[in-house]
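Numbers in our numbering are just positions in the sequence shown, counted from 1, shifted up by 1. We put the CB at the ideal spot given by N, CA and C, even for glycine. For reference, the structure is listed below as structure tokens.
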Amino acid sequence: MLWLAFAYFFRQIRKNCIFAMMNRVLSLLLFLCALSLSQVRAQNAPMPKLSATEAVADVKFLSDLFFQSHINLNLVVDTAHLRYCFDTLVSGINDSISASQLYVRLAPVFGQIHDIHCALALPAESNDYLDNGGLYLPLTVFFIDSNLYVKSDKDQILPFGARIERINGIGSSEIVNTLLLISSSDGDNVYSRSEIAEIGFASHFPLFFSVDSLNTIEYYSDSTLFTDTILGVDRNQYANQRFFDTIFVAEKKPFLLGYSADSAIAYMRIASFMGGNIGEYGRFLNASFKYINRSQPECLLLDLRNNGGGYADFGKLLLRHLMPDTFVYIDNIVSKSSQIVRREMLRQSPFQPEVYRLISTVFGSKPLRTIWKENEGLVDTTTEKIVKPVRVSALYTGFLVVTFNGLSASTTGMVCNVLKRRPNTVFVGQPAGCTVSGTFGQPTPFELPNSGIIGQISILRFNQQKGEPDLTPITPDVFLADFPAGFSTDKDPQLEALLRWIRKKIENK
């Protein structure tokens with residue numbers, strides 16, 4: 002019986018080995034963005050600076066990693082310009098430099114790579130600015146049409162929704178452009194970049210702009226220009242850190258089902274394709290769709306906003322309950338052998354190298370096994386099977402409204418691409434963080450050897466159609482602004498507006 006248990010264990014490993022991951026707070030990408038906010042480093046001796054040789058070695062490591070290992074770098078960046086930027090950066094390092102200074106130089110170069118699964122972050126352990134008690138701005142913001150708006154501040158001085166004109170004399174347009182430049186997206190998707198820039202604002206602002214003990218904020222509220230001040234804070238103090246911790250609050254339930262008061266609209270929220278386990282998730286879908294079919298609502302609203310992806314199998318299972326006929330979920334998966342990625346996998350893994358190598362080469366999926374082949378740069382393509390829908394009792398074929406936004410990426414984007422082929426379906430929201438031809442995936446963590454700057458690189462390509470990949474974002478049929486019904490802190494204004502829109506749609510049938 003013991004060998005059966007091991008067989009089942011490794012079968013589950015293999016089954017869940019292929020995934021396209023960029024889940025919002027719970028995922029690697031935004032976890033990397035959050036690292037410098039979510040950890041407080043004890044004050045010890047000052048961090049030593051990197052020598053010029055060490056800094057140059059880190060830049061060359063990052064350059065080699067992407068040029069040798071990214072599955073299709075030519076698709077997501079002008080490689081000639083990227084190489085020029087790396088070379089220029091190297092030539093400009095002539096003296097010792099701190100890790101935070103190196104990060105500030107690297108981030109705009111790295112931001113040229115239009116792959117939302119790729120990330121670069123300065124962790125607390127390498128953040129000398131944080132370690133030295135540097136001041137942070139206790140302010141959270143959101144972006145709309147390249148404008149900067151107040152979401153909250155620690156002392157509740159600024160009104161929610163006020164449009165920021167300047168911070169310490171720096172125009173909001175300069176701040177927005179800088180933060181968008183260092184934020185990632187699939188293709189040049191400003192909606193994805195804006196969402197990610199909002200999350201990284203608190204950690205990035207003091208690295209690129211000055212924060213003083215007293216900071217001047219000029220803002221418009223009700224068309225009137227006001228000026229207020231907020232204190233810069235040391236995040237090493239626990240009372241201050243509590244404010245920054247509230248920026249990243251994961252939804253408690255990764256998936257749920259609800260109904261409107263009159264039961265005319267069923268509401269299904271999938272916050273992540275990573276939450277729970279495949280059994281729990283499968284039981285939720287099966288029970289939910291059976292209940293929906295019995296209750297026969299006028300519409301099912303599928304909310305995929307801020308769902309950054311997760312396990313590809315989770316997305317496929319959802320589609321089996323929604324697609325009336327057989328369908329192509331993933332046409333093929335492309336992988337590439339890479340020695341530098343193999344080294345990073347072994348270095349970052351919590352397992353012993355021999356154990357990790359065994360799991361990857363023996364029990365891993367075919368695309369992942371390619372990475373471990375000795376032929377450097379070998380590209381392999383794995384064709385996927387056609388998918389069948391579930392039985393009729395758990396299959397929903399009625400009116401479906403899908404809502405997504407710039408953080409609906411990776412697996413979520415693949416789900417949306419398939420649902421685009423479904424009849425009686427409408428898409429509402431903002432351009433998704435995924436492209437019409439598929440997505441990259443399997444983000445793999447790395448660490449620059451001297452500075453400790455961390456990041457991730459995607460090592461697989463999930464193609465949903467044949468031919469050359471297309472970086473056009475998935476667009477909605479109906480655009481939905483962030484605050485269509487005005488600013489509100491109590492309710493979800495997008496959802497409120499969407500429910501009103503659905504009711505009108507039902508009435509006009």
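| Segment limits, alpha helix (DSSP H) that includes P444 | What you label residue 444 is simply residue 443 of the sequence shown in a count that begins at 1. Counting along the chain, P444 falls outside any alpha helix (DSSP H), though it belongs to the beta strand (DSSP E) covering 439-448.
| request: Output the distance between the C-alpha atoms of V363 and R343, rounded to the nearest integer angstrom. | output: What you label residue 363 is simply residue 362 of the sequence shown in a count that begins at 1. What you label residue 343 is simply residue 342 of the sequence shown in a count that begins at 1. So the alpha carbons of these two residues sit roughly 15 Å apart.
| Residue ranges of each alpha helix (DSSP H) within the region 390-442, 4 or longer | Given a length threshold of 4 residues, each whole run of the alpha helix (DSSP H) inside the region 390-442 is given here in chain order: 412-420.
| query | Helix or strand or just coil, what does DSSP make of C86? | reply | Locating residue 86 in the sequence shown gives position 85, counting from the first residue. DSSP places C86 in helix when its eight states are reduced to three.
| task | Could you spell out the range, first to last residue, of the alpha helix (DSSP H) harbouring G316? | result | Looking up residue 316 in the sequence shown gives position 315. Per DSSP, G316 belongs to the alpha helix (DSSP H) from 313-321.
| field | Sub-8 Å separation of L140 and I231 beta-carbons | value | Along the sequence shown, read from residue 1 onward, the residue named residue 140 stands at position 139. Along the sequence shown, read from residue 1 onward, the residue named residue 231 stands at position 230. Remark: C-beta atoms of L140 and I231 approach each other more closely than 8 Å.
| task | Could you name the residues of the same chain whose beta carbon sits closer than 7 Å to that of H322, not counting the 5 residues immediately before and after it, in chain order? | result | Stepping through the sequence shown from its first residue, residue 322 is reached at position 321. Counting only Cβ-Cβ distances below 7 Å, and skipping sequence neighbours, we find L286, F290, V391, A395, L396, Y397.
| Helix, strand or coil at T473 [DSSP, three-state] | Sequence index remark: in the sequence shown, residue 473 carries index 472 (1-based). The answer is coil: DSSP assigns T473 none of H, G, I, E or B.
| request: Mind checking which residues open and close the alpha helix (DSSP H) that includes K253? | output: Along the sequence shown, one-based indexing puts residue 253 at 252. Premise fails: K253 is in no alpha helix (DSSP H) and is neither H nor E.
| field | Selected residue, minimal CA-CA separation from F274, among F249, T445, L320 | value | Residue numbering aside, residue 274 sits at position 273 when the sequence shown is read from its first letter. Taking only the C-alpha atoms, the option nearest F274 is L320.
| query | Between which two residues does the beta strand (DSSP E) harbouring T382 extend? | reply | Residue numbering aside, residue 382 sits at position 381 when the sequence shown is read from its first letter. Run containing T382: 380-384, per the beta strand (DSSP E) assignment.
| field | Beta-carbon contacts of I19 that lie in its chain and below 6 Å, excluding the five residues immediately before and after | value | Looking up residue 19 in the sequence shown gives position 18. Because the pLDDT at I19 is just 42, under 50, the model does not fix this residue reliably, and the point stays unresolved.
| said: Here's the rule: buried if 16 or more other CB atoms are within 10 angstroms of the residue's CB, otherwise exposed. What is L63? | reply: In the sequence shown, the residue the question calls residue 63 occupies position 62. Buried, because 16 or more other Cβ atoms sit within 10 Å of the Cβ of L63.
| request: Please classify K467: is it buried, with 16 or more other beta-carbons within 10 angstroms of its beta-carbon, or exposed? | output: Start at 1 with the first residue of the sequence shown, and residue 467 comes out as number 466. K467 should be labelled exposed.
| field | Residue span of the alpha helix (DSSP H) that contains E348, given as start and end | value | Position 347 of the sequence shown, counted from the first residue, corresponds to residue 348. Sequence inspection shows Arg at residue 348; the Glu mentioned does not correspond to that position. It spans 340-349 - the alpha helix (DSSP H) in which R348 sits, taken as one unbroken run.
| Alpha carbon of L301 to alpha carbon of F400, nearest angstrom | Indexing the sequence shown from 1 puts residue 301 at position 300. Indexing the sequence shown from 1 puts residue 400 at position 399. Roughly 6 Å between the two C-alpha positions.
| Counting along the chain, where does the alpha helix (DSSP H) carrying Y357 start and finish? | Along the sequence shown, one-based indexing puts residue 357 at 356. It spans 354-359 - the alpha helix (DSSP H) in which Y357 sits, taken as one unbroken run.
| field | Under the three-state DSSP convention, the category A519 falls into | value | The chain is shown from 2 up to 510; residue 519 falls before or after that span and cannot be answered.
| What whole-angstrom Cβ distance do T413 and G309 have, given they're in contact under 8 Å? | Residue mapping note: residue 413 aligns to position 412 of the sequence shown, counting from 1. Residue mapping note: residue 309 aligns to position 308 of the sequence shown, counting from 1. The Cβ separation is near 7 Å, so the contact holds.
| task | Can you give me the start and stop residues for the alpha helix (DSSP H) that Q466 sits inside? | result | Walking along the sequence shown from the start, residue 466 turns up at place 465. Note, Q466: premise wrong, no alpha helix (DSSP H); not H, not E.
| K317 versus L303: straight-line alpha-carbon distance, rounded | In the sequence shown, residue 317 corresponds to position 316, counting from 1. In the sequence shown, residue 303 corresponds to position 302, counting from 1. Taking the straight line from one Cα to the other gives about 15 Å.
| Does the beta-carbon of L305 have 16 or more other beta-carbons within 10 angstroms, so that it is buried, or is it exposed? | Reading the sequence shown from its first residue, position 304 is the one you call residue 305. Classification of L305: buried, given that the 10 Å Cβ count is 16 or more.
| said: Based on DSSP bridge pairs, tell me the residues matched to G259. | reply: Within the sequence shown, the letter at position 258 stands for residue 259. G259 pairs with Y268.
| Would H115 be called buried (16 or more neighbouring beta carbons within 10 Å of its own) or exposed? | Mapped onto the sequence shown, residue 115 falls at position 114. Buried is the call here.
| message | Here's a check: name, in chain order, each residue in its chain whose Cβ is nearer than 6 Å to the Cβ of V77, leaving out the five neighbours to either side. | response | Position 76 of the sequence shown, counting from 1, holds the residue named residue 77. Spatial neighbours of V77 in its own chain (CB-CB distance under 6 Å, excluding positions within 5 residues in sequence) are listed in chain order as I114, H115, D116.
| query | Taking the beta strand (DSSP E) that V335 falls in, what are its first and last residues? | reply | By 1-based counting over the sequence shown, the position of residue 335 is 334. That run of the beta strand (DSSP E) goes 333-337.
| request: Quick one: residues in its chain with C-beta nearer than 6 Å to the C-beta of F256, no 5 flanking neighbours on either side, listed in chain order? | output: In the sequence shown, residue 256 corresponds to position 255, counting from 1. So the qualifying residues of the chain are I271, F285.
| said: For S97 and G134, I'd like the C-alpha separation in whole angstroms. | reply: By one-based count along the sequence shown, residue 97 stands at place 96. By one-based count along the sequence shown, residue 134 stands at place 133. Cα to Cα, S97 sits roughly 21 Å from G134.
| said: Contact defined as beta carbons within less than 8 Å: I believe L455 pairs with F447. What is the distance between those atoms, to the nearest angstrom? | reply: Taking the first residue of the sequence shown as position 1, residue 455 is located at position 454. Taking the first residue of the sequence shown as position 1, residue 447 is located at position 446. Correcting the residue identity first, residue 455 is Ile in this sequence and not Leu. Contact holds; Cβ gap of about 7 Å.
| Which of helix, strand or coil does DSSP assign to E497? | In the sequence shown, counting from the first residue as 1, residue 497 sits at position 496. Helix.
| Inter-residue CB distance, I334 and E385 (contact presumed, cutoff 8 Å) | Reading the sequence shown from its first residue, position 333 is the one you call residue 334. Reading the sequence shown from its first residue, position 384 is the one you call residue 385. Contact between I334 and E385 holds, since their C-beta atoms are separated by about 7 Å, short of 8 Å.
| Local Cβ density within 10 Å of D154, reported as buried at 16 or more and exposed below that | Here the question's residue 154 lines up with position 153 in the sequence shown. Classification of D154: buried, given that the 10 Å Cβ count is 16 or more.
| message | Quick check on T179: buried or exposed, where buried means 16 or more other Cβ atoms within 10 Å of its Cβ? | response | Position 178 of the sequence shown, counted from the start, is the residue given in the question as residue 179. It counts as buried.
| Is N509 near the ligand SAM, with its Cβ less than 7 Å from a heavy atom? | No copy of the ligand SAM appears in this structure; indeed no ligand is present at all.
| What are the boundary residues of the beta strand (DSSP E) that F143 is part of? | Taking the first residue of the sequence shown as 1, we reach residue 143 at position 142. It spans 140-145 - the beta strand (DSSP E) in which F143 sits, taken as one unbroken run.
| said: Is it buried or exposed, S224, if we count other Cβ atoms within 10 angstroms and call 16 or more buried? | reply: Here residue 224 corresponds to residue number 223 of the sequence shown, with the count starting at 1. It is exposed - the Cβ of S224 has fewer than 16 other Cβ atoms within 10 Å.
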